[in-house]
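Reading through the structure tokens given below for one structure.
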């Protein structure tokens, strides 16, 4: 597997950063963002954005999905599932079977 060459980019706010993927997220803007709730604050940036992109911002919304469905979200990986399971369990919820 070859490595991609990084290209210099500038976001809408004027931050300059290098990326080798086609991901448009500016790392500086992402660091400035504060998660809007407890569920999203548990997760890494890619996993948080995956839920946000799919309009899942509450544990109630998350409980309507199966683990398999959540794992299909671009940016969501298996390392996030234990955190999500625990957050659901602590609220008396679980993933849909």
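Numbering (our numbering), first residue to last: 24 to 120.
We put the CB at the ideal spot given by N, CA and C, even for glycine.
All values derive from a computational prediction rather than experimental measurement.
Going by beta carbons, residue 38 and residue 51 fall inside the 9 Å limit. Residue range 30–33 is occupied by the beta strand (DSSP E) that includes residue 31. Bounds of any alpha helix (DSSP H) do not take in residue 120, whose DSSP letter is neither H nor E. Proximity to residue 82 across 53, 69, 113 and 91 peaks at 113, based on C-alpha coordinates. The alpha carbon of residue 60 has as its nearest neighbour, out of 80, 68 and 76, the alpha carbon of 80. Distances from the alpha-carbon of residue 36 to those of 108, 44 and 53 put 53 closest.
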